[in-house]
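**Q** Handing you this structure, nothing more for now.
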Amino acid sequence: MSHKLPLNQILQGDCVQILEAKIQENSINLIFADPPYNLSGKPLDLANNKTGGAYYKMNEDWDTFNYEDYVTFTVDWLKACHKVLLPNGSIYISCTQHNIGELLVEGKKAGFKLNNILTWYKTNAMPNITKRIFTHSTEFVCWFVKGKNWIFNYEEVKEFNPHKTKDGNNKQMRDFLDFIEIPIVQGQERIKGADGRAVHPTQKPEKLLELIIKASSNEDDIVLDPFFGTGTTGKVAQQLNRQWIGIEKNEQYIIVAKERLKLRIRKTA
Ligand SMILES: C[S@@+](CC[C@H](N)C(=O)[O-])C[C@H]1O[C@@H](n2cnc3c(N)ncnc32)[C@H](O)[C@@H]1O
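Every number in my numbering is 686 more than the matching position in the sequence shown, counting from 1.
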């Protein structure tokens, strides 16, 4: 394996293979992983569906597995991430109630220690179309570490907290917990195709990545995203003067991410 890391590049292919073949062991400061949640291809049972066909919330090839394959895939990429992370590195993994169980169990088996589960409250959550359960309005981000001495930039996280004292100073963390309110990506931030539709069904908010990158990395550190999608992690890492590596298997998303990343040029010292 070459010892030169492919910094500030998008690598096309399967993340497990690429992590094993191209990324040196113990070399990455921070990983943000937004894996497939395995929610696709499952029709929703709508009480008043008069359309004559099944309704799917998500229906993407890259998000469709049988359960055993999904667990095997989860184990494989978690192990590959564990290998490349520095001993004091962090991995943040986004998930929902649908896959958090598998991630917690397999994450611990892979050797990670759980530091926090952040709850992302989606202030503009999708409406309750089935009317049979409580409305889903949250996703989670599990923060695992590999060893001791992980980075937690407490002052930066305090700064990030939108609530300030009457004098405009940063508040203590008492009112900024492991609970974050951010809308689902919309407006200018949402990347749309020529048809005006979102190009990626699960584009993550830049604000979420800003918090994670500020909290658990420093300038010039390397931030890796094995499920790069539209490149949200790369864009925010660039803005915050971190180095980044993206891995994505879908060529169409890579084209979109490349276009998006051209918007910002890395600041030189
Ligand atoms: C949940 S999305 C990530 C979205 C991304 N966070 C964003 O803000 O745009 C997961 C991405 O992983 C990609 N993917 C799925 N399986 C993969 C694999 N084995 N290796 C690399 N990429 C994969 C999919 O094509 C999809 O774009």
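Here a beta-carbon is modelled for each residue, glycine too, at the ideal position from N, C-alpha and C.
#1: Are the region 904-917 and the region 813-829 touching, with three or more C-beta to C-beta distances below 8 angstroms?
#2: First and last residue of the beta strand (DSSP E) that includes PHE838?
#3: Bridge partners for THR824 per DSSP, in chain order?
#4: How would you call LEU800, buried or exposed, if buried means at least 16 neighbouring beta carbons within 10 angstroms?
#5: For LYS953 and LYS921, I'd like the C-alpha separation in whole angstroms.
#6: How many Å lie between ALA796 and ILE866 at the Cα?
#7: Please determine whether the Cβ atom of LYS890 lies at a distance below 6 angstroms from any heavy atom of ligand 1.
#8: Which runs of the beta strand (DSSP E) at least 3 residues long sit entirely within the region 868-916? Give them in chain order.
#9: Quick one, which of THR888, VAL871, GLU841 and GLY699 has its alpha-carbon nearest LEU725's?
#10: Answer yes if the region 891-904 comes into contact with the region 711-719, meaning at least three C-beta pairs across the two stretches below 8 angstroms, and no otherwise.
#11: Hey, could you find the ends of the beta strand (DSSP E) LEU771 is sitting in?
#12: Could you tell me whether the region 843-859 touches the region 875-890, where touching means 3 or more Cβ pairs closer than 8 angstroms?
#13: Any heavy atom of ligand 1 closer than 6 angstroms to the Cβ of GLY932?
#14: Report, in whole angstroms, the separation of the C-beta atoms of ASN712 and LEU772, which I expect to be a contact under 8 angstroms.
#15: Leaving out five residues on either side along the sequence, give the residues of the same chain with a beta carbon under 8 angstroms from the beta carbon of ALA943.
#16: Evaluate LYS832 with the Cβ neighbour count: other Cβ atoms within 10 Å of its Cβ, from every protein chain shown; 16 or more gives buried, anything less gives exposed.
#17: Run the CB neighbour count on PRO848, radius 10 Å, all protein chains shown included, and call it buried at 16 or more, exposed below.
#18: On the DSSP letters alone, give me the boundaries of the beta strand (DSSP E) that GLN695 sits inside.
**A** This is what the structure holds:
#1: no
#2: Here residue 838 refers to the residue found at position 152 of the sequence shown. Looking at the DSSP string, PHE838 is not in any beta strand (DSSP E), and its letter there is neither H nor E.
#3: Residue 824 sits at position 138 when you count from the first residue of the sequence shown. DSSP lists TYR807 as the beta-bridge partner residues of THR824.
#4: Reading the sequence shown from its first residue, position 114 is the one you call residue 800. Result: exposed.
#5: Here the question's residue 953 lines up with position 267 in the sequence shown. Here the question's residue 921 lines up with position 235 in the sequence shown. For LYS953, the predicted model reports a pLDDT of 48, less than 50, meaning its position is unreliable; a value from the coordinates is still stated below. Spanning the two alpha carbons is a distance of roughly 13 angstroms.
#6: Along the sequence shown, read from residue 1 onward, the residue named residue 796 stands at position 110. Along the sequence shown, read from residue 1 onward, the residue named residue 866 stands at position 180. Going by the C-alpha atoms only, they are around 27 angstroms apart.
#7: The residue given as residue 890 occupies position 204 in the sequence shown. Checking the Cβ of LYS890 against ligand 1 gives yes.
#8: Counting only runs of 3+ residues, the beta strand (DSSP E) found wholly inside the region 868-916 occupies 908-911, in chain order.
#9: Taking the first residue of the sequence shown as position 1, residue 725 is located at position 39. Ranking the options by Cα distance to LEU725, first place goes to THR888.
#10: Yes, the region 711-719 touches the region 891-904.
#11: Taking the first residue of the sequence shown as position 1, residue 771 is located at position 85. Run containing LEU771: 771-781, per the beta strand (DSSP E) assignment.
#12: no
#13: What you label residue 932 is simply residue 246 of the sequence shown in a count that begins at 1. GLY932: no, Cβ never under 6 angstroms from ligand 1.
#14: Taking the sequence shown and counting its residues from 1, the one referred to as residue 712 is at position 26. Taking the sequence shown and counting its residues from 1, the one referred to as residue 772 is at position 86. With a Cβ gap of about 5 angstroms, ASN712 and LEU772 count as contacting.
#15: By one-based count along the sequence shown, residue 943 stands at place 257. Same-chain partners within the cutoff: ILE696, PHE914, GLY915, THR916, GLY917, GLY920, GLY932 and GLU934.
#16: Within the sequence shown, the letter at position 146 stands for residue 832. LYS832 is buried by the Cβ-count criterion.
#17: In the sequence shown, counting from the first residue as 1, residue 848 sits at position 162. Classification for PRO848: exposed.
#18: The count along the sequence shown starts at 1 and reaches residue 695 at position 9. First-last of the beta strand (DSSP E) with GLN695: 695-698.
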